[in-house]
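In what follows, a structure is listed as structure tokens, so that the remarks can point back to it.
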Ligand code: NAP
Ligand code: GLV
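In my numbering, the protein residues as written are 784 to 1092.
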């Protein structure tokens, strides 16, 4: 039994060293080095090149090194008969919650707008909003969305959330299912997308949805670029229905230099770094699953292949 790490972001050594530090007896390889392919039973991957899982005929588990698994379902060559696991981790959820809080505070206190004016030597006081008057609506109340909703509520924001199944979250008004989406949107001043990317949620942030938000609403997409119809966002910002947007994720990453988002002053961008798996915190669940695999026990954080998340 051995582990292969497949990722293209220059972090293979970081993950390999973290695994070996936690358990020096592990057999761990980079997919780029010579290694015995038939020995590999677990692939620890993040945005792997399509087709790179096919050499591993004895693979028993695909472990996503992040919370999202959309990129695995997009690879038609990935094995369909073995479990997929994902990361569930308090730092991953906490970092997302902090990122969303920072983004909303910057928006209601005009911090990004002032920064733009500073570079143009413009002195222009702007009306600000208060936390208590800013209703935040969170799409997706899973590991990340539920904590973000709870933390925002504790900070004093009126918070509502939308998910597929009903939830009880202290301080948060919960809407569930397609039929309640419109009611959720009409009272949402700041919309936060924390849905997984699935066939059902692809393109969900589109012009029809934006029209249902109150005038001058603000949109935050920290989930996946595929949730957003880029042209519809640009149109809703241009016609003034939306007051601004903050994006962390894009259809293509890095975002191509010619993309119109770069030069739009109403869009604030971060480079898909809202929350990142912290090896020291998440390695134990990978090793635990590797042990469980060997013993034939149920795995932690297994993805439901039918739901796609
Ligand atoms: P999760 O625990 O699987 O939660 C997903 C939530 O979305 C659940 O509440 C689920 O409803 C809801 N949902 C799924 N499909 C839906 C639909 N069709 N209609 C309504 N609600 C639906 O996921 P998570 O761990 O919170 O992560 C969410 C996403 O965040 C990830 O998939 C990833 O794309 C993104 N992410 C981004 C970053 C970043 O740095 N930007 C970092 C980590 C993760 P139920 O509860 O009813 O199933
Ligand atoms: C990051 O985007 C993740 O899915 O963990």
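Beta carbons: idealized from backbone N, C-alpha and C, even for Gly.
Across the structure, residue 787 and residue 811 are spaced so that their CA atoms are roughly 6 Å apart. Not one heavy atom of the ligand GLV sits closer than 7 Å to the Cβ of residue 797. Around the beta carbon of residue 816, fewer than 16 other beta carbons lie within 10 angstroms, which makes this residue exposed.
Fewer than three Cβ pairs drawn from the stretch 939-955 and the stretch 1022-1033 lie within less than 8 Å of each other, which leaves the two stretches out of contact. Here the C-alpha atom of residue 824 lies approximately 10 Å from the C-alpha atom of residue 865. Under the three-state reduction of DSSP output, residue 1010 falls in the helix class.
The beta carbon of residue 872 is closer than 6 Å to those of 1064 and 1065 in its chain, skipping five residues each way along the sequence. For residue 795, the closest C-alpha among the options 820, 888, 807 and 831 is that of 831.
The beta-bridge partner set that DSSP reports for residue 969 is empty. Relative to the ligand GLV, residue 1060 has its C-beta within less than 7 Å of a heavy atom. Counting along the chain, residue 1068 sits inside the alpha helix (DSSP H) bounded by residues 1062-1078.
In the assembly as shown, residue 1046 is an exposed residue. Its beta-carbon has fewer than 16 other beta-carbons within 10 Å.
Between residue 869 and residue 955, the alpha-carbon positions lie close to 26 Å from each other.
For residue 1051, there is no enclosing alpha helix (DSSP H); the residue is found in the beta strand (DSSP E) stretching over 1050-1052. Cβ-Cβ separation between residue 829 and residue 1062: approximately 12 Å, too far for a contact (criterion under 8 Å).
Taken through DSSP and simplified to helix, strand or coil, residue 922 comes out as strand. The C-alpha of residue 879 lies about 16 Å from the C-alpha of residue 1008. Between the alpha carbons of residue 854 and residue 867 lies a gap of roughly 12 Å. Assigned with DSSP and collapsed to three states, residue 824 falls in strand. According to DSSP, residue 812 shares a beta bridge with 787. Every residue whose beta carbon comes nearer than 5 Å to a heavy atom of the ligand GLV appears here in chain order: 849, 850 and 851. The Cβ atoms of residue 842 and residue 862 lie closer than 8 Å to each other. Contact annotation: the stretch 954-970 touches the stretch 983-997, with at least three C-beta pairs closer than 8 Å. Beta-bridge annotation (DSSP): residue 867 is paired with 845. The continuous beta strand (DSSP E) containing residue 943 extends over residues 942-946.
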